[in-house]
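Following: one structure in structure tokens, then a few remarks.
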């Protein structure tokens, strides 16, 4: 029986036929792995997702965490699922053997983790944040910090968070006010409050490792004065045992539209409620050097952004599969040309408009999944590059694709969830069917880990212009390589290549023209439109790549791939034309709108 969470056939096609992940075993880091270990990992993740994560997805939504002023209560199934995940050693799937990890390629680990996110994105969120936290500390932490915090996180005994936002600052991290006062013993005492901290308080594990951005008094203003600190819920003794409770206090839980199963918290640091050593302030340990905290945190933020994108994909994908199954089994109506009212009804998948909605979902979720796994493979290349040129090329591509991999799925896989509801009709709007929850859960993804607007500013204002446009040039070259292969293949795929060539070249020309005018405000005013057009070009390229990988292969699966590519090139890619017209004009409508006119 096929899973309603993800398509294993699609994952196998993307990993083994298109991305050829087996080739990574030729690199020293992955030499002990094989296609068999990769497949076994996917099998294990699917089994855990089905057995431990999916069954309580609706329950954790209906019975969200509660706080009685002293203790947070969470349904027991969440702890059971996380324990099963830890016992299966999935938390450290892609981490070094020396840390207790399995040292799998990120490409395989991401594909495996997608099963858990499709099954229950809230419960999986605890693990996702822990993985990203551990990866940051493994790269920038001291040996002592790695021993005290990273290894217990990989073992599943601790979980991790990221504490960036504050009520008065929001996404503007330059305006955070949490301060870290140094002490003679080399530790710091933190005072302040953090908002929107997922997984910030619970009793699912023995300890919670908070990574907190704060400013040391006397440091530079703005983001250049931000440092990064480890602030554990419980202090950790030199022998690894837990010590006193740290002065990190839950002020309250946020009550969300979706994504309800993971606690979302307001945390206060240094309130004086807990003073582990008799001094005021939450005990914190500096990570790396002073005033470089934001640089370090970007390591976790970028990983989390790719994770958010994959979460959006997983939710969109499972919604698509469930609406597909509903459309196959729901009889309703007759073809428009049917004249006999006594004729039997057809299932709604026979209606052209339902096929349109299903094709749109398929083109969004399968295109986005392929992009996410392509980015994960770039991560693997950056970790194992065999030359400076290979490292530079992979880094340039990953830099420019990260905002796309975060935001495009967050917009368009959410649109897929919307269509999944529509396919279900009135039933889709009820809580008896899963698709309404998938939409609510997915609605967070265009917001957290950098909103859609912030990602668009990062793309247009930073990524496309950095290093004299090297990242954009690398992407354009990669697209050109694909279109050249498609032209050699001939036939329909060559037509796709011609269409993509024209749009990609225009995108590059429009980008250059937007900055050549010298009006930076006008250039950035419609950055969200730019991100959408840019993302559509990228996904069209990804669909061209998939079509090339399916070239000459027959069967329903491959015919479906080709039809989804046709849909994207005929229905979606042409949308970029008016968008590029608008961007090229440097339209100032939004800039010139005055607040009093609203």
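In my numbering, the protein residues as written are 59 to 656.
From the three backbone atoms N, C-alpha and C, an ideal C-beta is built for every residue, glycine too.
Quiz item: Under the three-state reduction of DSSP, which class applies to residue 355: helix, strand or coil?
Solution: In the structure shown, the three-state DSSP call for residue 355 is helix.
Practice problem: Work out the CA separation of residue 250 and residue 564 for me, nearest whole Å. | Solution: Approximately 48 Å, taken between the alpha carbons.
Quiz item: What beta strand (DSSP E) runs, 3 residues minimum, are completely inside the region 315-346?
Solution: The DSSP assignment places 322-327 and 340-344 as complete runs of the beta strand (DSSP E) inside the region 315-346, in order along the chain (cut-off: 3 residues).
Quiz prompt | CA-to-CA distance, residue 371 to residue 500, given in whole angstroms | solution = One C-alpha to the other measures close to 9 Å.
Practice problem: For residue 314, count neighbouring Cβ atoms within 10 angstroms of its own Cβ and tell me buried if that reaches 16, exposed if not. | Solution: By the 10 Å Cβ count, residue 314 comes out buried.
Quiz item: Per DSSP, residue 269 forms a beta bridge with which residues?
Solution: Looking at the DSSP assignment, residue 269 forms a beta bridge with 220 and 288.
Quiz item: So residue 102 is in the alpha helix (DSSP H); what residue range does that whole segment cover?
Solution: Looking at the DSSP string, the run of the alpha helix (DSSP H) that includes residue 102 is 93-106.
Self-check item: Contact check, residue 288 vs residue 354, beta carbons under 8 Å
Solution: Judged by beta-carbon spacing, residue 354 lies beyond the 8 Å limit of residue 288, meaning their Cβ atoms are not closer than that value.
Quiz prompt | DSSP three-state assignment for residue 608, whether helix, strand or coil | solution = Three-state DSSP puts residue 608 in coil, outside helix and strand.
Quiz item: Could you give the C-beta distance for residue 196 and residue 157, rounded to a whole number, given that I count them as a contact under 8 Å?
Solution: Between residue 157 and residue 196 the Cβ distance is about 6 Å, and since that is below 8 Å, they are a contact.
Quiz item: Smallest Cα separation from residue 171: which of 193, 138, 210 and 101?
Solution: Out of 193, 138, 210 and 101, 101 has the C-alpha closest to the C-alpha of residue 171.
Self-check item: Where residue 378 falls, given that 16 or more other Cβ within 10 Å makes a residue buried
Solution: Using a 10 angstroms sphere on the CB of residue 378, the tally of other CB atoms reaches 16 or more, which defines it as buried.
Exercise. Classify residue 615 as buried or exposed, calling it buried when 16 or more other Cβ atoms lie within 10 Å of its own Cβ.
Key: Residue 615 comes out exposed.
Exercise. Rank 86, 295, 450 and 551 by C-alpha distance to the C-alpha of residue 610 and give the top, closest one.
Key: Checking every option, the nearest Cα to that of residue 610 belongs to 551.
Self-check item: As assigned by DSSP and simplified to three states, the class of residue 298
Solution: Coil, per DSSP.
Quiz item: Tell me, which residues are paired with residue 442 by DSSP?
Solution: Assignment of beta-bridge partners to residue 442 by DSSP yields no partner.
Practice problem: Quickly, what does DSSP pair residue 239 with across the bridge? List them, please. | Solution: Residue 239 is bridged by DSSP to 247.
Quiz item: Can you tell me the Cα-Cα spacing of residue 180 and residue 323, whole angstroms?
Solution: Roughly 14 Å between the two C-alpha positions.
Quiz prompt | residue 347 versus 199, 640 and 320, residue with shortest Cα-Cα distance | solution = Taking each of 199, 640 and 320 in turn and checking the Cα distance to residue 347, the smallest one comes out for 199.
Quiz item: Is there contact between the region 566-582 and the region 595-611, where contact requires at least three CB pairs shorter than 8 Å?
Solution: Touching, no, given that fewer than three Cβ pairs across the two stretches are closer than 8 Å.
Exercise. Determine the contact status of residue 214 and residue 144, defining contact as a CB-CB distance below 8 Å.
Key: It is a contact, given that the beta carbons lie within the stated cut-off.
Practice problem: Please classify residue 641: does DSSP put it in a helix, a strand, or coil? | Solution: Correct three-state label for residue 641: helix.
Quiz item: Can you tell which of 259, 527 and 405 has the C-alpha that lies nearest to the C-alpha of residue 130?
Solution: With distances taken between Cα atoms, residue 130 lies closest to 259.
Quiz item: What residue from 76, 66 and 204 has the CA that sits closest to residue 435's CA?
Solution: Its Cα nearest to that of residue 435, the residue 76 stands out among 76, 66 and 204.
Practice problem: Please name the residue, chosen from 596, 159, 452 and 139, that lies closest to residue 562 on a Cα-to-Cα basis. | Solution: Minimum Cα distance to residue 562 is reached at 596.
Quiz item: Taking Cβ to Cβ, would you say residue 612 is nearer than 8 Å to residue 318?
Solution: At the C-beta level, residue 612 and residue 318 stay beyond 8 Å of one another.
Quiz prompt | Rounded separation between residue 139 and residue 185 - CA only | solution = If you take the alpha carbons of residue 139 and residue 185, they lie about 10 Å apart.
Quiz item: With C-beta atoms as the reference, is residue 408 less than 8 Å away from residue 393?
Solution: Cβ atoms of residue 408 and residue 393: closer than 8 Å.
Quiz item: Got a sec, what are the start and stop residues for the alpha helix (DSSP H) residue 665 sits in?
Solution: Nothing can be reported for residue 665, as the shown portion of the chain is limited to 59 through 656.
Exercise. Measuring alpha carbon to alpha carbon, tell me which of 332, 60 and 477 ends up nearest residue 415.
Key: Answer by Cα proximity: 477.
Quiz item: Would the region 357-374 and the region 295-313 be scored as touching if the rule is three or more Cβ pairs under 8 Å?
Solution: Taking 8 Å as the limit for Cβ pairs, the verdict is that the region 295-313 does not touch the region 357-374.
Practice problem: Tell me, to the nearest whole angstrom, how far the beta carbon of residue 504 is from that of residue 480; I am working on the premise that it is less than 8 Å. | Solution: About 19 Å separates the two Cβ atoms, so there is no contact after all.
Quiz item: If we call anything under 8 Å between Cβ atoms a contact, is residue 601 one with residue 626?
Solution: Contact: yes.
Quiz item: Are the Cβ atoms of residue 417 and residue 440 separated by less than 8 Å?
Solution: Going by beta carbons, residue 417 and residue 440 fall outside the 8 Å limit.
Quiz prompt | Proximity winner among 283, 341 and 383, relative to residue 351 (alpha-carbon distances) | solution = Residue 351 has its Cα closest to that of 283, out of 283, 341 and 383.
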